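*Asks:*
In the working numbering, the protein residues as written are 3 to 311.
1) What separation, rounded to the nearest whole angstrom, lies between the Cα atoms of residue 198 and residue 274?
2) For the ligand SAH, is there any heavy atom lying closer than 7 Å to the beta carbon of residue 267?
3) In the DSSP output, what is residue 169 paired with across the bridge?
4) Quick check on residue 11: does DSSP put it in helix, strand or coil?
5) Helix, strand or coil for residue 5, going by three-state DSSP, please let me know.
6) With three or more beta-carbon pairs closer than 8 Å as the criterion, would you say the segment 232 to 245 touches the segment 199 to 213?
7) So, with DSSP's three-state summary, where would you put residue 59?
8) Terminal residues of the continuous alpha helix (DSSP H) containing residue 128?
9) Just to confirm before moving on: does the CB-CB distance between residue 276 and residue 224 stay below 8 Å?
10) Assuming residue 102 contacts residue 231 under a Cβ cut-off of 8 Å, what Cβ separation, rounded to an integer in Å, is found between them?
11) Figure out for me which residue from 179, 188 and 234 has the closest Cα to the Cα of residue 110.
12) Rounded to whole angstroms, how far is the Cβ of residue 122 from the Cβ of residue 5, which I believe are closer than 8 Å?
13) Assign residue 215 to buried or exposed, taking buried as 16 or more other Cβ atoms, counted over all protein chains shown, within 10 Å of its Cβ.
14) Please confirm if the segment 32 to 52 is in contact with the segment 10 to 20, defined as three or more CB-CB distances below 8 Å between the two stretches.
15) Under three-state DSSP, which class holds residue 104?
16) Compare the C-alpha of residue 208 against each of 219, 235, 176 and 194 and name the closest.
17) Considering just the uninterrupted stretch of the alpha helix (DSSP H) at residue 250, what are its terminal residues?
18) How many angstroms separate the CA atom of residue 265 from the CA atom of residue 139?
19) Find the nearest neighbour of residue 161 within the set 293, 212 and 284, judged by alpha-carbon distance.
20) Who are the near neighbours of residue 267 in its chain, counting only those whose CB is closer than 6 Å to its CB and skipping five residues on each side?
21) What residue from 44, 22 and 20 has the CA that sits closest to residue 31's CA?
22) From the DSSP output, in three-state form, read off residue 205 for me.
23) Note down, in chain order, each residue of its chain lying with its Cβ closer than 6 Å to the Cβ of residue 169, except the 5 sequence neighbours on either side.
24) The beta strand (DSSP E) spanning residue 70 covers which residue range?
25) Do you know offhand how far residue 12's Cα is from residue 116's?
26) Output the boundary residues of the alpha helix (DSSP H) element that contains residue 177.
27) Helix, strand or coil for residue 78 per DSSP?
28) Between the Cα of residue 63 and those of 280, 304, 8 and 90, spot the shortest distance and give me the residue it belongs to.
29) Give every residue of the same chain whose Cβ lies closer than 6 Å to the Cβ of residue 75, excluding the five residues on either side of it in the sequence, and list them in chain order.
30) Do residue 229 and residue 137 have their C-beta atoms within less than 8 Å of each other?
31) Taking only the alpha-carbon atoms, compute the straight-line gap between residue 142 and residue 134 and give it to the nearest angstrom.
32) I believe residue 118 touches residue 99 by the beta-carbon criterion, under 8 Å. Please report the beta-carbon distance rounded to the nearest angstrom.
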């Protein structure tokens, strides 16, 4: 699968729209002029002048219209002075890995590793990939739905039932996350083999030494070219893309939990969450909590007091 981005004038985009007239689709992404889908390629032209070619013959189709834009990292944050990260970290092909849901009382933990090639970077920028903390869930979902169609990735979900079982056996959340990241990265490496990323970047939740201590005893531990950094979503779009896909999956699971609960469950771990958990206890009984929440959070005892159980 190949993806390319071209920069075109309004006149050239008009010609392209006419050329693909038989393949035009009605549903247009925000900020686009036209979108078309041939049997082997999807074409989207934006008001910015960028034209995206995605799909099996994306690079070939784009080449018939001109030279693709070279990858750029202008929007990626530069590594901090003295950082161990390569100076060109935002420009290279990497597997980015991030997780969502670790601080939420309700809902699972979702971990995603995603492979972003150098040539994919302009495409991700045009789609609006960035630090997910800067975007609302509806925008993240809109972008993530496109990302999953072409980015090699692995999504792992640790549901609450399993999470609580592991936690009660003495496993820390940090160890759970390390296991999930390692597994997700391994899955992506298998998907893209024999191709290899220039680096693997994990959004740091534990120092490197501790991360590998958590993985001790695992059959397959990924170590080659693995880098760690805080705020990695702003350093490489691969991590930002992984975070968006993880958030997308997390929100979908949250919606399913709300349906099962019979009311909208709030995110986070604040006072609103305590009240929601208390309502869940009163409506369905305390025995359902392990399916919905991370039991060891302080919210459990607060909810019990509110529900008077």
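Each residue gets a CB set at the ideal place from its N, CA and C atoms; glycine is no exception. Because the structure is a prediction, the values reported are computed rather than measured.
*Replies:* The structure says:
1) 45 Å
2) This structure lacks the ligand SAH, and indeed carries no ligand of any kind.
3) DSSP lists no partner for residue 169.
4) coil
5) strand
6) yes
7) coil
8) 123 to 129
9) no
10) About 18 Å; that fails the 8 Å criterion.
11) 179
12) 5 Å
13) exposed
14) yes
15) coil
16) 176
17) 239 to 263
18) 19 Å
19) 293
20) 108, 259, 260 and 278
21) 44
22) strand
23) 298
24) No beta strand (DSSP E) contains residue 70, which DSSP labels as neither H nor E.
25) 33 Å
26) 175 to 194
27) With a pLDDT of 44 at residue 78, under the threshold of 50, the modelled position of that residue is not reliable, and the figure given next carries that caveat. Three-state DSSP puts residue 78 in coil, outside helix and strand.
28) 8
29) Only weak support is given to the placement of residue 75: the predicted model assigns it a pLDDT of 40, under 50, and the question is left unresolved by the model.
30) no
31) 7 Å
32) Wrong, their Cβ atoms sit about 11 Å apart, outside the cutoff.
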